[in-house]
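Asks: Residue numbers are given in the working numbering: position 201 of the sequence shown equals residue 289, and the series is strictly consecutive.
Note that beta-carbon positions come from the ideal geometry of N, C-alpha and C, so glycine has one too.
Everything numeric in this text was worked out from a predicted model, so none of it was measured.
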Amino acid sequence: MVLTLQVGIGEIIGIFFLAIILLIILASAIRIVKEYERIVVFRLGRLLGQKGPGIVLIIPIIDSPRIIDMRIVTFDVPKQRIITKDNVTVDVDAVVYMRVQDPLAAVMRVRDYLTATSLLAQTTLRDVIGQVEFDDLLAKRDELNKRLQSILDEATEPWGIKVTAVAIKDVIIPESMQRAIAKQAEAERERRSRIIMAEGELQAAQKMAEAAAAYAASPQAMRLRELQTWTEIAREKNLIIVTEGGSLGTILGTTIGVAKKRKVEE
Numbered sequence: 089m090v091l092t093l094q095v096g097i098g099e100i101i102g103i104f105f106l107a108i109i110l111l112i113i114l115a116s117a118i119r120i121v122k123e124y125e126r127i128v129v130f131r132l133g134r135l136l137g138q139k140g141p142g143i144v145l146i147i148p149i150i151d152s153p154r155i156i157d158m159r160i161v162t163f164d165v166p167k168q169r170i171i172t173k174d175n176v177t178v179d180v181d182a183v184v185y186m187r188v189q190d191p192l193a194a195v196m197r198v199r200d201y202l203t204a205t206s207l208l209a210q211t212t213l214r215d216v217i218g219q220v221e222f223d224d225l226l227a228k229r230d231e232l233n234k235r236l237q238s239i240l241d242e243a244t245e246p247w248g249i250k251v252t253a254v255a256i257k258d259v260i261i262p263e264s265m266q267r268a269i270a271k272q273a274e275a276e277r278e279r280r281s282r283i284i285m286a287e288g289e290l291q292a293a294q295k296m297a298e299a300a301a302a303y304a305a306s307p308q309a310m311r312l313r314e315l316q317t318w319t320e321i322a323r324e325k326n327l328i329i330v331t332e333g334g335s336l337g338t339i340l341g342t343t344i345g346v347a348k349k350r351k352v353e354e
């Protein structure tokens, strides 16, 4: 009786542990793949294919799954010391935006697609910046970003990677070059100021020449302008100016006669 009871308890314990093992195996066989994920499955070392999203059944021990996140990820390109086309040494870093668009290629064709893309971005950054002049690096950054993105996207396409954007973050130049750029900017501002002043003087000279020609063609206008100038001086200095009555009358008479003649002609 006691022996029978001991055997029954042993069977119950065995069944209990067996059930636990089966539950563990069943739990490990069920994988829930999110909408932005895909799972690449290898069975006994052979590629079975990609699955997901949703519930995916995996045979434990036999199947080897690898989950791939297909969302956009970013990584920083470490600062690179580069010599531009016009022999200016600069330190440049950038940021890369990428995502996996073909999970099978990302698993089968490259061991670590993130590291591989990062190393490729470093060499591409050095090559592209080394082919442009320093002024273009500062003024045409958007064009350089698009060029970097195009080169990286084409190179990583066989790996199942899509490079969506590349952005140059910082361009650091030596202190001596910073002083040279500041002097150049100051010289440029001085040049523009001198040009504006010269253009103003030229326009003033042209107007003065036109006025001189007009006065030369009409002595009466010249005399009236002279009287106007004396009047302005007298007003400022509180002076009384006496002129020859005959000459003033002659000027006024001539002026009135010219005005009447113009009215008749009109």
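(1) Among G218, N233 and E125, which has the Cα closest to the Cα of Q189?
(2) At which residues does the alpha helix (DSSP H) containing K234 begin and terminate?
(3) Identify the residues that DSSP records as bridge partners of D151: which are they?
(4) Tell me which residue opens and which closes the alpha helix (DSSP H) that I217 is part of.
(5) On a Cα-Cα basis, can you pick out the residue from T211, D224 and I249 that is closest to M186?
(6) Roughly how many angstroms lie between the CA atoms of I103 and L114, to the nearest whole one?
(7) If you run the structure through DSSP and keep just helix, strand and coil, what is P191?
(8) The beta strand (DSSP E) that contains K173, what's its start and end?
(9) From which residue to which residue does the beta strand (DSSP E) around I143 run?
(10) So is G334 buried or exposed if we call it buried at 16+ other beta carbons inside 10 Å?
(11) Tell me the rounded alpha-carbon separation between K167 and T244.
(12) In the DSSP assignment, what are the bridge partners of F163?
(13) Do V161 and L208 have their C-beta atoms closer together than 9 Å?
(14) Under a three-way DSSP split, which group does I103 fall into?
(15) Quick check: V183 and V259, are their CB atoms within less than 9 Å of each other?
(16) Considering only residues of the same chain and omitting the five flanking positions on each side of S191, which have a CB-CB separation below 6 Å?
(17) Out of A117, I256, I112 and N175, state which residue places its alpha-carbon closest to the alpha-carbon of E231.
(18) Where does R280 fall in DSSP's three states?
(19) Ordered along the chain, which non-local residues of its own chain (more than five positions away) have a Cβ less than 8 Å from that of I170?
(20) For K173, which of K234, E123 and V220 has the nearest alpha-carbon?
(21) Q237: buried (16+ other C-beta within 10 angstroms of its C-beta) or exposed?
(22) Can you tell me where the beta strand (DSSP E) with R119 in it begins and where it stops?
Replies: The structure says:
(1) E125
(2) R229 to T244
(3) R131
(4) Y201 to I217
(5) I249
(6) 16 Å
(7) helix
(8) That residue, K173, is in no beta strand (DSSP E); it is neither H nor E in DSSP.
(9) G142 to L145
(10) Below a pLDDT of 50, predicted positions are generally treated as unreliable, and G334, at 49, falls in that range; the measurement from the model is reported next regardless. Burial call: exposed.
(11) 21 Å
(12) V184
(13) no
(14) helix
(15) no
(16) Checking the displayed sequence, the identity of residue 191 turns out to be Pro instead of Ser. Cβ neighbours of P191 beyond the five flanking positions: R126, V128, Q138 and I156.
(17) I256
(18) helix
(19) T177, V178, D179, V180, L213, R214, I217 and G218
(20) V220
(21) buried
(22) I118 to V121
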